[in-house]
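Colleague: Residue numbers (the working numbering), protein chains in the order written: chain W, 567 to 960; chain C, 567 to 960.
Please see the structure below; I have some questions.
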């Protein structure tokens, strides 16, 4: 594999994506114009990306042999998610395979305690945290930081999974009783009163060259992002600090590809929340909203190609997530949603992205992006199309 | 097949594309976000669209059985090119299959004499023309219109194929001697001094609802379009007449999907040159340049879904064609081309679309689009990226 990704290769390169979810599907869209071949490692033949990819390997991201065989068929391996067997990736890298981001960088996204520890060591702002091997650990933590306390699983977790807020000692005791013996390693975090949640994306090449996307606000409900607003409605000074923080973490992780940093804005203080070493739903607005999308720049970065500009094209871009409301398909609702918004205008219309997945309650079925000159009109247009697609409006 | 394209279908619809060339490939890109399934009828497994489509039937567009079997697997059939067996399509339609545009509309693109005759009958401006069953026919034509005379094949032909300019009677005699017995039906056209070539695209739904794209100038070399400039640098009055002419032809043909009308501007007179009943290279600029691309609106139109706005997003959009210069691949030249243009600017960067085809002299390998505020800078940026990709610049 090592000898294949040559800058003077006569072949179009093949990027392998571990995982075939929505992000892989959106990467495929970006790969076609650049002539990049894509192979996906899918768990199921009807995964969102497998439906639109002619080169599908069925296999598991935690199976060393599946990963090895998959990597051997690709010039460079990248990811739809972080829930991958890291030791197997490290072996592939040791054998000369090109894995971007590499196993070491992925650990920042896989292992929350590691991420917090490394960020703190680098002097970057994180909420106060501690390991929580057992219930008594919480006592000492509370004495310093008070109730409530946020408990997180150390590994994996996203979209509110693996995060619990404990209000008092009784809740904490019950929680530790319930989780004892499950093998889930836990950590504690100081609870903070969040004013806004922000996110910033950086795309970084192997040599360190990087570009940074406009800072966005992510609007959450129940731990799941429902809406992304670009640019974030914050002062230029806060936006500049958020960008810088994103760039510092990109450098710290040495990740190659897109890195997404979610942050809490508490007063005018920024605290790192999550780090994802891959394209991220907070960057979906960039497909129509930016000169170069996050998926385009992710592919360019992992191939060590020049990155494209990240400027916003319209004054505002708003992304609304489509979460499944039940078992019925979105398909029959598409025509009504396409008619949402003004029929003709420079930024008119809406841009649905449907992931082709079977509808399930709470599943991410797609997203809709709207561009506009007026933030509230743009939000309303995106929200209206999303409501029509999910069946909340008719 | 007839019962499948129901507005309340729970399934995402499947659009079948006859032909798997660049246009089919670009349609697939547009289909993914809308969740539309695509099946292609490809002549070869390595055709540009077959490389990026998981549902490929290998077959010939002039084989009735191949078309019939293909249509049976799709909700609606559309086209990458017009070189299709029209009688077989008419039979599929007669059997209740949904073919868009239909066989009757495709005839406008297949049969130049029919198109000229029908346009003239409808009072639309075409160059003076006549059938040319044999050499003596040219005499009468020349007596009315003088030399030179343009001779065209009645059927098919594009990119300068099937078009000859004869300067005098000697050239004409030699030409008719050489073509006698080849079975090619010919027609004559008055030669006109072309000031500019313009094109306009209309997307039309089955009920007649339509949207019209900005009028563009197409810059030709040797009968092949090298560059498209949007909007065309003509007066608003001429642009309005060109749009109207496009809409009149869309109505005349009753075509469903995108219809492209190429025109000559002679002084301030517009004359119809070619009619294509499909997406067209003169509309590639719309992928990045317009609120809704021609491929997006083509798919929406053939599915009878609401059409999207066609407004230009940037002041100027320029498309440069990439024609193969030999057998060597474009792949190693991508990184240099991506670096063309300013590294950061709202309309910065370039947007390559590579069709994945093996390089051959004169073959369309892809195109590059640039957006900008200044026409000459935008043209230069697109041309520079195209030169880097084709190896004319290093």
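For every residue, glycine included, the Cβ atom is placed at its ideal position computed from N, Cα and C.
Just so you know, these numbers come straight off a predicted model, no measurement behind them.
1) Measure how close the beta-carbons of residue 792 of chain C and residue 785 of chain C come, nearest whole angstrom, since I'm counting them as under 8 angstroms.
2) To the nearest angstrom, how far is it from the Cα of residue 597 of chain C to the Cα of residue 838 of chain W?
3) What span of residues does the alpha helix (DSSP H) with residue 628 of chain C cover, start to end?
4) For residue 909 of chain C and residue 823 of chain W, what's the separation of their Cα atoms in angstroms?
5) Can you pull the chain C neighbours of residue 578 of chain W, defined as C-beta to C-beta under 7 angstroms?
6) How would you write the range of the alpha helix (DSSP H) that residue 863 of chain C sits in, first residue to last?
7) With residue 745 of chain W as the anchor, note down where its alpha helix (DSSP H) starts and where it stops.
8) If the criterion is Cβ atoms closer than 8 angstroms, does the pair residue 640 of chain W and residue 692 of chain W meet it?
9) Determine the chain C residues that contact residue 595 of chain W at a beta-carbon separation under 9 angstroms, and present them in chain order.
10) So, for residue 704 of chain C: in the same chain, excluding its five sequence neighbours on each side, which residues have a beta-carbon less than 7 angstroms away from its beta-carbon?
11) Using three-state DSSP, classify residue 929 of chain C as helix, strand or coil.
12) What residues in the region 854-871 of chain C bring their beta carbon closer than 7 angstroms to a beta carbon of chain W?
13) What residue range is occupied by the uninterrupted alpha helix (DSSP H) comprising residue 792 of chain W?
14) Our contact map puts residue 859 of chain C next to residue 794 of chain C with C-beta atoms below 8 angstroms; I'd like the distance itself, whole angstroms only.
15) I'd like to check one pair, residue 890 of chain C with residue 617 of chain C: are the Cβ atoms closer than 8 angstroms?
16) DSSP three-state call for residue 947 of chain C: helix, strand or coil?
17) So which residues of chain C does residue 901 of chain W contact, with C-beta pairs closer than 9 angstroms?
18) Using the three-state DSSP reduction, which class does residue 843 of chain C fall into: helix, strand or coil?
19) Measuring only the C-alpha atoms, how far is residue 677 of chain W from residue 864 of chain C?
20) Report yes or no: do three or more beta-carbon pairs, one from the region 610-624 of chain W and one from the region 576-591 of chain W, lie closer than 8 angstroms?
21) Could you give the DSSP three-state label for residue 812 of chain C: helix, strand or coil?
22) Tell me the start and end of each unbroken alpha helix (DSSP H) in the region 602-654 of chain C that is at least 4 residues and wholly inside, in chain order.
23) Please name the residue in W:799, W:825, W:843, W:953 whose C-alpha comes closest to that of residue 883 of chain W.
24) Taking residue 674 of chain C as the reference, give the member of C:912, C:818, C:594 with the closest Cα.
25) Comparing the C-beta of residue 946 of chain W with each C-beta of chain C, is any distance below 8 angstroms?
26) Decide yes or no for the touch test of the region 594-608 of chain C against the region 861-876 of chain C: beta carbon pairs closer than 8 angstroms, at least 3 of them.
27) When you compare only the Cα positions, how much space is there between residue 770 of chain C and residue 875 of chain W?
28) Determine which residues share a DSSP beta bridge with residue 528 of chain W and list them.
29) Looking at chain C, which residues of the region 610-621 of chain W have a Cβ within less than 9 angstroms of any of its Cβ atoms?
30) Taking the alpha helix (DSSP H) that residue 708 of chain C falls in, what are its first and last residues?
31) Taking 8 angstroms as the CB-CB limit, is residue 913 of chain C close to chain W?
32) What's the call for residue 801 of chain C, buried or exposed, on a 16-neighbour Cβ count within 10 Å?
33) Would you verify that the beta carbon of residue 996 of chain W is, or is not, closer than 8 angstroms to some beta carbon of chain C?
34) Helix, strand or coil: how does DSSP classify residue 754 of chain W here?
35) Helix, strand or coil for residue 720 of chain C? Go by DSSP, reduced to three states.
36) By the three-class DSSP mapping on this structure, what secondary structure does residue 910 of chain C have?
Modeller: Straight from the coordinates:
1) Residue numbering aside, residue 792 of chain C sits at position 226 when the second chain is read from its first letter. Residue numbering aside, residue 785 of chain C sits at position 219 when the second chain is read from its first letter. About 6 angstroms separates the CB atoms of residue 792 of chain C and residue 785 of chain C; that is less than 8 angstroms, so the two are in contact.
2) Counting from one through the second chain, the residue named residue 597 of chain C turns up at place 31. Counting from one through the first chain, the residue named residue 838 of chain W turns up at place 272. The alpha-carbon atoms of residue 597 of chain C and residue 838 of chain W are separated by roughly 37 angstroms.
3) Counting from one through the second chain, the residue named residue 628 of chain C turns up at place 62. From DSSP, residue 628 of chain C is part of no alpha helix (DSSP H); its letter is neither H nor E.
4) As a working note, residue 909 of chain C is residue 343 in the second chain. As a working note, residue 823 of chain W is residue 257 in the first chain. Residue confidence is low: residue 909 of chain C scores 48 on pLDDT, short of 50, so the model does not pin down where it sits. No coordinate-derived value is stated.
5) Start at 1 with the first residue of the first chain, and residue 578 of chain W comes out as number 12. Ordered by position in chain C, the residues that pass the 7 angstroms Cβ test against residue 578 of chain W are 897, 922.
6) Taking the first residue of the second chain as position 1, residue 863 of chain C is located at position 297. Where residue 863 of chain C is concerned, the enclosing alpha helix (DSSP H) stretches over 860-868.
7) Looking up residue 745 of chain W in the first chain gives position 179. Going by DSSP, residue 745 of chain W is part of the alpha helix (DSSP H) stretching over 735-745.
8) Reading the first chain from its first residue, position 74 is the one you call residue 640 of chain W. Reading the first chain from its first residue, position 126 is the one you call residue 692 of chain W. In this structure, residue 692 of chain W does not lie closer than 8 angstroms to residue 640 of chain W by Cβ.
9) Indexing the first chain from 1 puts residue 595 of chain W at position 29. Ordered by position in chain C, the residues that pass the 9 angstroms Cβ test against residue 595 of chain W are 595, 598, 599.
10) Stepping through the second chain from its first residue, residue 704 of chain C is reached at position 138. Counting only Cβ-Cβ distances below 7 angstroms, and skipping sequence neighbours, we find 698, 715, 738, 754.
11) Walking along the second chain from the start, residue 929 of chain C turns up at place 363. It is coil, neither helix nor strand.
12) 857, 858, 866, 871
13) Against the first chain, residue 792 of chain W aligns to sequence position 226. Not the alpha helix (DSSP H): residue 792 of chain W falls in the beta strand (DSSP E), residues 790-796.
14) The count along the second chain starts at 1 and reaches residue 859 of chain C at position 293. The count along the second chain starts at 1 and reaches residue 794 of chain C at position 228. With 8 angstroms as the limit, residue 859 of chain C and residue 794 of chain C do not qualify as a contact, their Cβ atoms being about 14 angstroms apart.
15) Looking up residue 617 of chain C in the second chain gives position 51. Looking up residue 890 of chain C in the second chain gives position 324. No, the Cβ-Cβ distance between residue 617 of chain C and residue 890 of chain C is not below 8 angstroms.
16) Position 381 of the second chain holds residue 947 of chain C. If DSSP states are grouped into helix, strand and coil, residue 947 of chain C belongs with the helices.
17) Within the first chain, residue 901 of chain W is the residue found at index 335, counting from 1. Within chain C, the residues near residue 901 of chain W are 573, 866, 869, 870, 871, 872.
18) Locating residue 843 of chain C in the second chain gives position 277, where the first residue counts as 1. Coil, per DSSP.
19) Taking the first chain and counting its residues from 1, the one referred to as residue 677 of chain W is at position 111. Taking the second chain and counting its residues from 1, the one referred to as residue 864 of chain C is at position 298. Cα to Cα, residue 677 of chain W sits roughly 46 angstroms from residue 864 of chain C.
20) yes
21) As a first step, residue 812 of chain C must be located in the second chain, where it is residue number 246. Here residue 812 of chain C sits in helix by DSSP.
22) Under the rule that a run must span 4 or more residues, the alpha helix (DSSP H) segments found entirely inside the region 602-654 of chain C read 630-637.
23) Within the first chain, numbered from 1, the residue matching residue 883 of chain W stands at position 317. Of W:799, W:825, W:843, W:953, the residue nearest in Cα terms is W:799.
24) As a position in the second chain, residue 674 of chain C is number 108, starting the count at 1. Among C:912, C:818, C:594, the Cα nearest to that of residue 674 of chain C is on C:818.
25) For the purposes of this step, residue 946 of chain W is identified with residue 380 of the first chain, where counting begins at 1. No, residue 946 of chain W lies away from the interface with chain C (no Cβ there is under 8 angstroms from its Cβ).
26) yes
27) Looking up residue 770 of chain C in the second chain gives position 204. Looking up residue 875 of chain W in the first chain gives position 309. Rounded to the nearest angstrom, the two C-alpha atoms are 35 angstroms apart.
28) No statement about residue 528 of chain W is possible, as the shown extent of chain W runs from 567 to 960 and does not include it.
29) Cβ contacts with chain C: 616, 617, 618, 619, 620, 621.
30) As a working mapping, residue 708 of chain C is identified with position 142 in the second chain. Residues 703-711.
31) Counting from 1 along the second chain, the entry for residue 913 of chain C is found at position 347. It does; some Cβ of chain W falls within 8 angstroms.
32) By 1-based counting over the second chain, the position of residue 801 of chain C is 235. With fewer than 16 other Cβ atoms within 10 Å, it is exposed.
33) Outside the shown range of chain W, which is 567 to 960, sits residue 996 of chain W, and nothing can be said about it.
34) Against the first chain, residue 754 of chain W aligns to sequence position 188. In the displayed model, residue 754 of chain W falls within a strand according to three-state DSSP.
35) The count along the second chain starts at 1 and reaches residue 720 of chain C at position 154. Coil at residue 720 of chain C, not helix or strand.
36) Within the second chain, numbered from 1, the residue matching residue 910 of chain C stands at position 344. Note on residue 910 of chain C: pLDDT 49, under 50, position unreliable in the model; the coordinate value appears next. Three-state DSSP puts residue 910 of chain C in coil, outside helix and strand.
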